[in-house]
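Report on one structure; see the data block that follows.
2 protein chains.
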Amino acid sequence: MKELSKLMDYRPDIKVIDATLRDGGLVNEFRFTDEFVKALYNANLRSGVDYMEFGYKADKEMFDESKFGPCKFCDDEYIRSIVGENNTDLKIGVMADVGRCNYKEDIHDRSESPVDLIRVATYIHQIPTAVDMIEDAKKKGYEVSCNIMAISTAQESDISVALDILGKSPVDVFYIVDSFGSLYPEQIARIAALYGEIADKYGKKLGMHAHDNQKLAFANTIEAVGDGVDWLDATYAGMGRGAGNCAMELLLGFLKNPKYNVYPVIQFIEKYIPEVRAAGAVWGYDFQYLMTGLLNQHPRTAIEFTKQGRKDYAEFYKEIISQE
Amino acid sequence: MKELSKLMDYRPDIKVIDATLRDGGLVNEFRFTDEFVKALYNANLRSGVDYMEFGYKADKEMFDESKFGPCKFCDDEYIRSIVGENNTDLKIGVMADVGRCNYKEDIHDRSESPVDLIRVATYIHQIPTAVDMIEDAKKKGYEVSCNIMAISTAQESDISVALDILGKSPVDVFYIVDSFGSLYPEQIARIAALYGEIADKYGKKLGMHAHDNQKLAFANTIEAVGDGVDWLDATYAGMGRGAGNCAMELLLGFLKNPKYNVYPVIQFIEKYIPEVRAAGAVWGYDFQYLMTGLLNQHPRTAIEFTKQGRKDYAEFYKEIISQE
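Same order as they appear, the protein sequences are chains R and B. Every position in the first sequence, counted from 1, becomes a number in the numbering used here once 356 is added. Every position in the second sequence, counted from 1, becomes a number in the numbering used here once 356 is added.
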């Protein structure tokens, strides 16, 4: 059982990262209006959020700019059009995917950019490229975190090796990522212990990025807080791929640091979330996501089921349980 | 950190209680069709659920029979019309509220009734009447559990005294009830330790009944399983008052006992849940329930907000935060 003080008191090391534009962008092709993005920036400022992730640095050779909103590419000019010089305590992050980002050219020196944090996302078999991206971003002056995705299908021994390689890199934060929303709080505790051992050895911080397939995104995030994880991802109204993420309104309600304030989050949700839903974005817990989470599968079949407007849950369960 | 075996293996002592008709009945005035109730009974049989709660034994002097469906009153004849003599492994439960049940007259001897379990629900200031109801039900031959409601606003020392009185009664199970959906898993662990100490002393079992105001009903239930709690309440699609309950489909997916099977639950949900929603029943996680949960308040204001179709969440937050 954890210490009472962890609920009543707070750790000043906690950082809250708003991932709404990035993970949420996956359900609307990043088609956020400038008004939405500016209002989100202001809500983050007022609610004491530490980092705001603007989206991906996607390679324009691979992705057609006409098919996505600007948060898919996160040009410095676009971010500057929202935040100006961002002379605030709110830092700006972007995600760079291994294999989908022309990082050497598209990520400029931090001195020329409004961005503060590069979040490198990698699968476990891509670690050497991730390290190259981390080194590149560090050399350019950024804070750098690294998400190893889909760890619920990886062996613990492989994760250890990957973390050991990352430990020797200049990355600042290891992220625990439950891509399939398949992990239970007990498993988070065990994974945080594994990550924490290697993080301590190399002086790194830990982060948590959760999905809500089994309605555990918030529960797993607060489990992680109790296990020494400091960097916490959340999105407004849980907006994110498939079942969505840990909801910002739940997380800020829970955290006791007086710098956080849930009220601006509620105001933003009331005013801006209905419009993205009305425009067709669909996310949130539903039975099909529970099923892929339960079976530790990628949610792509459940996302397709949702897109097709299917409601034959029992048939879907039979389809995915017979997949190998 | 809990034992790995608790996730991979299972405790045969676990009992799953389907509370759909009872807690779910609170959102549709118990107006379930016989077809719905029969299908639910069959789904519970097929999915290995241990107990099916049919509803309340409400006092007909206090509640007008014309204003509610039969599960509000749970006459033996009504239950028998669904389950016959119920020669199955699925046991039948009903809830009897202190002060709202004419238990001496309306609860008949078990030998004459299809009911197996009386679930006495009490507030902490009503314990002596609860004990009288427990003794009455035991004398009539029933298994008996006791829910102490709204413990998140009670002092631990008062809870200890209440449990000590109940410990001396012939009740079989103490239920931990998070009526306001305000408790976090760490708190459940602490409460389970407190309940467990007194339960061990008197040879009682522990149960968990959770609400989803902060999307923690399932998380708190599986936390409780890891803390030695054996009786677990769940409802199909989480149907229940306000934000609803721990979802049966999540719970049976989690439990590893091979006698449980989530597939009949999914089939039932697909076929029967849309009709109760179409008939106007509203339940499930929403921002107004998060807010009352966060502030450890009774959800009645959030239920009223929902009924009125209000969406002005920020105004609602201001209203409830200024209440004393």
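Ideal Cβ placement from N, Cα and C applies to all residues, glycine included.
Residue from Lys-571(B), Ile-554(B), Asp-556(B), Asp-583(B) whose Cα sits closest to the Cα of Met-564(B): Mapped onto the second sequence, residue 564(B) falls at position 208. Cα-wise, what sits closest to Met-564(B) is Asp-583(B).
Could you work out which residues of chain B lie near Pro-614(R), taking near to mean beta carbons separated by less than 8 Å? Residue mapping note: residue 614(R) aligns to position 258 of the first sequence, counting from 1. Within 8 Å Cβ-Cβ: nothing; Pro-614(R) doesn't reach chain B, min ~15 Å.
So, for Met-595(B): in the same chain, excluding its five sequence neighbours on each side, which residues have a beta-carbon less than 6 Å away from its beta-carbon? Reading the second sequence from its first residue, position 239 is the one you call residue 595(B). Excluding residues within five positions, the ones whose Cβ falls inside 6 Å are Thr-376, Gly-380, Trp-639.
Ala-319(B) at chain R interface by Cβ criterion, 7 Å: A query on residue 319(B) cannot be resolved here, the shown segment of chain B reaching from 357 to 680 and no further.
Span of the beta strand (DSSP E), counted from its first residue to its last, around Val-393(B): Position 37 of the second sequence, counted from the start, is the residue given in the question as residue 393(B). Note, Val-393(B): premise wrong, no beta strand (DSSP E); alpha helix (DSSP H) at 390-403.
Exposed or buried, Lys-697(B), counting other C-beta atoms within 10 Å across all chains shown (16 or more means buried)? Coverage of chain B is limited to positions 357 through 680, which leaves residue 697(B) absent and any answer about it impossible.
For Phe-624(B), does the three-state DSSP call read helix, strand or coil? Within the second sequence, numbered from 1, the residue matching residue 624(B) stands at position 268. In the structure shown, Phe-624(B) sits in a helix (DSSP, three-state: H, G or I).
Cys-430(B) in three-state terms, based on DSSP: For the purposes of this step, residue 430(B) is taken as the residue at position 74 of the second sequence. It is coil, neither helix nor strand.
Helix, strand or coil at Met-357(R) [DSSP, three-state]: Taking the first residue of the first sequence as position 1, residue 357(R) is located at position 1. Its pLDDT being 48, under 50, Met-357(R) is placed unreliably by the model, and the measurement read from it follows with that caveat. Coil at Met-357(R), not helix or strand.
Exposed or buried, which one is Met-357(B) when buried takes at least 16 other CB atoms within 10 Å? Numbered from 1 along the second sequence, position 1 holds the residue referred to as residue 357(B). Any answer about Met-357(B) is weak, because its pLDDT of 48 lies below 50 and its placement is not dependable; what the coordinates show is given next. Met-357(B) is exposed by the Cβ-count criterion.
Quick one: Cα of Gly-598(B) to Cα of Asp-488(B), how far? In the second sequence, residue 598(B) corresponds to position 242, counting from 1. In the second sequence, residue 488(B) corresponds to position 132, counting from 1. About 30 Å.
Cutoff 7 Å: Ile-622(R) Cβ touching any chain B Cβ: The sequence position of residue 622(R) within the first sequence is 266, counting from 1. True, the Cβ-Cβ gap to chain B drops below 7 Å.
Own chain partners of Ile-676(B) with C-beta closer than 7 Å, once the 5 adjacent residues on each side are dropped: On the second sequence, position 320 is the one that residue 676(B) refers to. Taken in chain order, the residues that qualify are Met-647, Thr-648, Leu-651, Gln-653, Thr-657.
Test: Gln-511(R) CB closer than 7 Å to a CB of chain B: The sequence position of residue 511(R) within the first sequence is 155, counting from 1. No, no contact with chain B.
Close-in-space but distant-in-sequence residues of the same chain around Ser-361(R) (CB under 6 Å, 5 per side omitted): As a working mapping, residue 361(R) is identified with position 5 in the first sequence. Residue placement at Ser-361(R) cannot be trusted, given a pLDDT of 49 that sits under 50; what the coordinates show is reported in the next sentence. Nothing meets the Cβ criterion.
Rounded C-alpha distance that separates Gly-559(B) from Ala-573(R): One-based indexing of the second sequence puts residue 559(B) at position 203. One-based indexing of the first sequence puts residue 573(R) at position 217. Approximately 36 Å between the Cα atoms of the pair.
Which value, in whole angstroms, describes the spacing of the CA atoms of Lys-423(R) and Cys-457(R)? On the first sequence, position 67 is the one that residue 423(R) refers to. On the first sequence, position 101 is the one that residue 457(R) refers to. Rounded to the nearest whole angstrom, the CA to CA distance from Lys-423(R) to Cys-457(R) is 17 Å.
is_contact[Glu-675(R), chain B] using C-beta, thresh 7 Å: Taking the first residue of the first sequence as 1, we reach residue 675(R) at position 319. At a cut-off of 7 Å, the C-beta of Glu-675(R) has no neighbouring C-beta in chain B.
Rounded C-alpha distance that separates Arg-378(B) from Ala-555(R): Locating residue 378(B) in the second sequence gives position 22, where the first residue counts as 1. Locating residue 555(R) in the first sequence gives position 199, where the first residue counts as 1. For Arg-378(B) and Ala-555(R), the distance between alpha carbons rounds to 48 Å.
With 16 as the cutoff for other CB atoms within 10 Å, does Ser-513(B) come out buried or exposed? The sequence position of residue 513(B) within the second sequence is 157, counting from 1. That one is exposed.
Measuring CA to CA, which of Glu-553(B), Gln-623(B), Phe-672(B), Tyr-669(B) is closest to Ser-516(B)? Mapped onto the second sequence, residue 516(B) falls at position 160. Nearest C-alpha to Ser-516(B): Glu-553(B).
What residue does the alpha helix (DSSP H) around Tyr-672(R) start on, and which one ends it? Locating residue 672(R) in the first sequence gives position 316, where the first residue counts as 1. It is Phe, not Tyr, that sits at residue 672(R) in the sequence shown. Phe-672(R) -> alpha helix (DSSP H) spans 669-677.
How far does the beta strand (DSSP E) with Asn-503(R) in it reach, from first residue to last? The residue given as residue 503(R) occupies position 147 in the first sequence. Where Asn-503(R) is concerned, the enclosing beta strand (DSSP E) stretches over 499-504.
Residue range of the beta strand (DSSP E) that includes Arg-475(R): For the purposes of this step, residue 475(R) is identified with residue 119 of the first sequence, where counting begins at 1. Judged by DSSP secondary structure, Arg-475(R) falls within the beta strand (DSSP E) whose first and last residues are 473-478.
Delimiting residues of the beta strand (DSSP E) encompassing Asp-445(B): The residue given as residue 445(B) occupies position 89 in the second sequence. Taken as a continuous stretch (DSSP letters only), Asp-445(B) belongs to no beta strand (DSSP E), as it is neither H nor E.
I want to verify the contact list: residues of chain B whose CB lies under 7 Å from the CB of Tyr-592(R), in sequence order. Stepping through the first sequence from its first residue, residue 592(R) is reached at position 236. Ordered by position in chain B, no residue passes the 7 Å Cβ test against Tyr-592(R), which lies about 11 Å from the chain.
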